[in-house]
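A.B. asks:
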Amino acid sequence: MSDCLFCRMVKKEIKCDVVYEDDRVLAFRDINPQAPVHILIIPRKHIETSLDIKEEDASLIGHIYLVASRLARKEKIDKSGFRVVTNCNRDAGQAVFHLHLHLLGGRSFSWPPG
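When we follow our numbering, the leftmost residue of the sequence shown carries the number 62, and every step to the right adds one.
(1) Leaving aside the five residues before and after residue 132 along the sequence, list all residues of the same chain whose C-beta is less than 8 Å from its C-beta, in chain order.
(2) How would you call residue 129, buried or exposed, if buried means at least 16 neighbouring beta carbons within 10 angstroms?
(3) Can you tell me where the alpha helix (DSSP H) with residue 189 in it begins and where it stops?
(4) From the DSSP output, which residues share a beta bridge with residue 90?
(5) Have a look at 76, 96, 66, 69 and flag the residue whose alpha-carbon is nearest the alpha-carbon of residue 142.
(6) If we count Cβ pairs, one from each stretch, closer than 8 Å, do we get three or more for the region 66-78 versus the region 142-162?
(7) Can you look up residue 143 in the DSSP assignment and give me helix, strand or coil?
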């Protein structure tokens, strides 16, 4: 998607504060953090929403969660706790239509969210 903000980040057309990358995912710090640690983890493959995940994406989605776990340890939020959030569509708060996980930590969270 040529007009997708996150696709442009994957292509290095837009700079971001990268904390992890490999051949399948890119992870970077959110520019409007909602917690002391707020990292976005995106697949390099353009998938608009969680509703657009296909059977062939199962390994990729598992990999994204493994990366989230690694980053939680690296950021030292694994012991205190962290939240992994995926928003799907506008009413849920999805602003960029490229699948992404929010890894949030470094403070206490309340429940229910929102």
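Glycine residues also receive a C-beta, built at the ideal position from the N, C-alpha and C atoms.
C.D. replies: Put simply:
(1) 80, 81, 88, 100, 102, 164
(2) buried
(3) This structure leaves residue 189 out entirely; the chain is present only between 62 and 175.
(4) 100
(5) 96
(6) yes
(7) strand
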